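Reading through the structure tokens given below for one structure.
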């Protein structure tokens, strides 16, 4: 073979070798990546070729599937009371993908999860189509309805937890949206609905899960954490010893007085009385006396500074680690840089109600096959111990005083039930120019000593008169109705 022909042969051989390497790379190395790539239309055709499994509440599905009228996606998702359940389910859309439980548990719902392999194989042998599995939640339908209807047209959120287990019983956020309106891929209906829901086109941001993803200044509800820190660190011996708290009190390093709301008896008040009428001076001074480090340590025990995975991710709540004494005082009454999600503040009430033990919050009880064979079960898990049993019971007695006549949370009272709570009216905006947020956290205790529910409610009510906005006025009745719904459902 002459030299030019040999060079051509070698070059052609290299091309064949490159082709073989590329072919094997695609078939073996990148096979799974290409098979599951969302840009591969076959992925979505296969995902919507059969009905999705369901998300279950109280034994009943809150989702469904119907035949698509157009296109090559055979089925599309439907939702029962979609706007009420959107903070739990999220959406599954042929055009826009999925989020929240619909995304996190997509493998189970589509039937593609490896744990469904045996069931799918049996179905294939018997000639049945592949079917998705179910996600069984911990949610209480009556509590969710009470939360959603209680918020109504107001902007806000509710989170309710079973203190004993950490199971989430309600998770409401308003304004909301119906995921059914974006479940298909129609340019004339689904795409237009999607555009209307996007934050840049809708300042109310109805797709924001305020119960998990929005952090607010918690206002005076944070005084429960400050009271816990005072008891745990021995700053005060009990709930009924007078504190050394002048009124007015000038914050250290400043010439600024920390004001109380209205003419309330806060001078040297006991912790119990200070929580009952919500004294800023008492709890601000407690935070200043304890210092940033001890306050931060207690806040972290309640869950501040950590994301929660329910399995939907909850934003991390904030208590800063680099504050001076006066900033610590302000943060200890839930202002300055302190910020919390509604779930976080429900966790605070839950830990107090559960004798000081904080359980990890979760909302998926089980994953199952379509015929309800259990694939995975969630067991309750202890998250932390923010305070001792003895101090938790002291704090319970203090929070229960808030609900009694003369306290700020009387509108949360339930006949025949012991209720503990704390109101909050959180200032925000430049120089507190915006209308405040109304907060309420609480728990209910039955005659047998058990506590089936702890609740946090926040209301952003731009339509209310500023003077009418308070945790006791706007938020407490919602919390009461949610707690009552849980109690009634257990009868």
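Residue numbers (this note's numbering): 655 to 1145.
For glycine and all other residues, C-beta sits at the position ideal for the given N, C-alpha and C.
Here the structure is a predicted model, which is why all the values come from computation and not from measurement.
Practice item. Select from 953, 1016, 965 the residue whose C-alpha is nearest the C-alpha of residue 987. Key: 953
Check your understanding: Thinking C-alpha only, which one of 878, 940, 810, 826 is nearest residue 1005?
Key -> 878
Check your understanding: Mind checking residue 1104: buried by the 16 CB within 10 Å criterion, or exposed?
Key -> exposed
Review point. Using a Cβ-Cβ cut-off of 7 Å (strictly less than) and excluding sequence neighbours within five positions of residue 1002, which residues of its own chain qualify?
Key: 878, 879, 956, 1095
**Study point:** Beta-carbon gap between residue 827 and residue 811 smaller than 7 Å
**Key:** yes
**Study point:** Strand pairing of residue 718, partner residues [DSSP]
**Key:** 732
Point to revise | Collapsed DSSP secondary structure at residue 1037 in the structure displayed | key: Annotated three-state conformation of residue 1037 is strand, per DSSP.
Practice item. Count the other CB atoms, across all protein chains shown, that sit within 10 Å of the CB of residue 806; report buried if there are 16 or more and exposed otherwise. Key: exposed
Practice item. State yes or no: is the C-beta of residue 908 within less than 7 Å of the C-beta of residue 980? Key: yes
Review point. Going by the CB atoms, is the gap between residue 893 and residue 926 shorter than 7 Å?
Key: yes
Point to revise | Validate contact between the segment 942-949 and the segment 916-925 using beta carbons, cut 8 Å, 3 pairs | key: no
Check your understanding: Is it true that the segment 1017-1034 meets the segment 851-865, where meeting means three or more beta-carbon pairs spaced less than 8 Å apart?
Key -> no
Check your understanding: Can you tell me the Cα-Cα spacing of residue 729 and residue 706, whole angstroms?
Key -> So the two alpha carbons sit approximately 8 Å from each other.
Check your understanding: Using DSSP with H/G/I as helix, E/B as strand and the rest coil, what is residue 1114?
Key -> DSSP places residue 1114 in strand when its eight states are reduced to three.
**Study point:** residue 720, buried or exposed, once every other Cβ within 10 Å from all chains shown has been counted against 16
**Key:** exposed
Review point. Starting from residue 791 and walking both ways along the beta strand (DSSP E), at which residues does that stretch end?
Key: 788-791
Point to revise | Sufficient close CB pairs (3 or more, under 8 Å) joining the segment 987-1000 to the segment 959-976 | key: yes
Review point. How should residue 1050 be labelled, buried or exposed, when 16 other C-beta atoms within 10 angstroms of its C-beta is the threshold for buried?
Key: buried
Review point. Three-state secondary structure (DSSP) at residue 1084?
Key: In this prediction, residue 1084 has a pLDDT of 49, which is less than 50 and means its spatial position is unreliable; what the coordinates show is noted afterwards. In the three-state reduction of the DSSP assignment, residue 1084 falls in the helix class, which pools H, G and I.
Exercise for review: Pull up the distance between the alpha-carbon of residue 834 and that of residue 1079, whole angstroms please.
Suggested key: 36 Å
Point to revise | Buried/exposed call for residue 842, threshold 16 Cβ in 10 Å | key: exposed
Point to revise | Proximity of residue 997 and residue 1040 at Cβ, strictly below 7 Å | key: For residue 997 and residue 1040, no; Cβs fall outside 7 Å.
Review point. CB-CB under 8 Å to residue 752, same chain, minus the five flanking residues each way: which ones, in chain order?
Key: 744, 745, 746, 760
Exercise for review: Under 8 Å by Cβ, that's how I've got residue 788 and residue 708 pegged, so tell me the actual separation to the nearest angstrom.
Suggested key: 5 Å
Review point. Would DSSP call residue 801 helix, strand or coil?
Key: helix
Check your understanding: Is the distance from the Cβ of residue 870 to the Cβ of residue 1097 below 7 Å?
Key -> no
Exercise for review: Go ahead and pull the three-state DSSP assignment for residue 966.
Suggested key: Residue 966 sits in coil when the DSSP states are folded into three classes, being neither helix nor strand.
Check your understanding: Do you know whose CA, among 668, 1128, 884, lies nearest residue 1045's CA?
Key -> 884
Check your understanding: Any idea what DSSP makes of residue 1119, helix, strand or coil?
Key -> In this prediction, residue 1119 has a pLDDT of 39, which is less than 50 and means its spatial position is unreliable; nothing more can be read from the coordinates.
Practice item. Could you spell out where the alpha helix (DSSP H) holding residue 826 opens and where it closes? Key: Segment 822-828 is the beta strand (DSSP E) holding residue 826; no alpha helix (DSSP H) there.
Exercise for review: Kindly confirm or deny that the segment 959-969 and the segment 1069-1077 touch, where touching means at least three C-beta pairs closer than 8 Å.
Suggested key: no
Review point. What does residue 758 pair with, by DSSP beta-bridge criteria?
Key: Bridge partners of residue 758: none, in fact.
Exercise for review: Using only alpha-carbon positions, find the residue among 1138, 896, 938, 895 that is nearest to residue 905.
Suggested key: 938
Review point. With a CB to CB cut of under 6 Å and the five nearest residues on each side skipped, what residues in its chain are close to residue 1108?
Key: 815, 817, 1000, 1003, 1004, 1007, 1097
Check your understanding: Do you know whose CA, among 1053, 737, 855, 659, lies nearest residue 876's CA?
Key -> 1053
Point to revise | Residue range of the unbroken beta strand (DSSP E) whose run includes residue 679 | key: Segment: none, residue 679 is in no beta strand (DSSP E) and carries neither H nor E.
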